[in-house]
Amino acid sequence: MPYRIRIARSLTACAMLALGAAPVLCPPALAQETISPSGIAPETFRAYVAGIQRALAEHGFFSGTADGTPGAATTRAISAYQAKAGLPVDGLASKSLLDHITFSQPPIRATAPAAASYSTPAQPVADPLIEMIQTLLAERGYQPGPADGVAGRRTTDAIRAYQKDAGLPETGVADQALRDNLTAAKAGAAAAPQ
449 MPYRIRIARS LTACAMLALG AAPVLCPPAL AQETISPSGI APETFRAYVA
499 GIQRALAEHG FFSGTADGTP GAATTRAISA YQAKAGLPVD GLASKSLLDH
549 ITFSQPPIRA TAPAAASYST PAQPVADPLI EMIQTLLAER GYQPGPADGV
599 AGRRTTDAIR AYQKDAGLPE TGVADQALRD NLTAAKAGAA AAPQ
């Protein structure tokens, strides 16, 4: 199916303000290109969409992948941006929309930024109780991995091995009762005659 460009000419800054758009500096004969599937090369269309997706992600409106495919998430993000910017809401990708997102001053941002698909995953938070249990297990010859306060697979396996040897239920859970048991075992080992 061929691609085409529909062009609506002569949208001036005054006309945009009359339509309720955010004040933007634009030349008197701004041509607004609304890209729709039929007339433009597919590579060009995908490049516009990918640029819009990246720009929307930077402004907190889009959390998907900038793949150049105008799916439902992209349409929703465009519509949300257009509504926030005071533009007519049609959800369509266009060169003028990309320019608006990129050059509007001040930038228009979502109230609660969406997480971009390329964001860094959150690191687990270290728990001092787990760190103490890992240290006590290592002192007793079990191998819980580094004492980093994060109960990973090695820590869980070491807890189960200790619980089995100590005659405790094998839950693999790092809790206060386990810490108390390990502390008592350490104190008992220290008090035992050598």
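Taken in order, the sequence shown gives residues 449 to 642; the numbers are from our numbering.
For glycine and all other residues, C-beta sits at the position ideal for the given N, C-alpha and C.
Ranked by Cα distance from Q501, the first of I488, T492, T517 and P490 is T517.
Assigned with DSSP and collapsed to three states, V598 falls in coil, not helix or strand.
For Y529 against F551, the beta-carbon gap comes to about 14 Å, at or over 8 Å, which does not count as contact. For L535, no alpha helix (DSSP H) run applies, since DSSP gives it neither H nor E. Membership of E491 in the alpha helix (DSSP H) is indicated by the continuous run P490 to E506. Here G597 really is in contact with P576; their C-beta atoms are around 6 Å apart, less than 8 Å. Judged by DSSP in its simplified three-state form, A637 adopts helix.
Between G512 and A521, the C-beta spacing is below 7 Å.
Ranked by Cα distance from K543, the first of A574, A633, R608 and A503 is A503. Residue state for P576 is assigned as helix, using DSSP reduced to three classes. The alpha carbon of P572 has as its nearest neighbour, out of I549, G600, T559 and E618, the alpha carbon of G600.
Taking a contact as a CB-CB distance under 8 Å, the pair Q591 and A606 counts as one, their CB atoms being some 6 Å apart.
C-alpha of A531 to C-alpha of P490: approximately 27 Å in a straight line.
Residue Q582 holds the alpha-carbon nearest to the alpha-carbon of L626 among G589, Q582, P555 and A495. Classified as buried, A498 has 16 or more neighbouring CB atoms from the shown chains inside 10 Å of its CB. Pairing R602 with T631, the inter-Cα distance amounts to about 20 Å. Within the same chain, Cβ atoms closer than 7 Å to the Cβ of T604 are found at G620, the five residues on either side in sequence being excluded. About 7 Å separates the beta carbon of A586 from that of A595, a gap short enough to meet the 8 Å contact definition.
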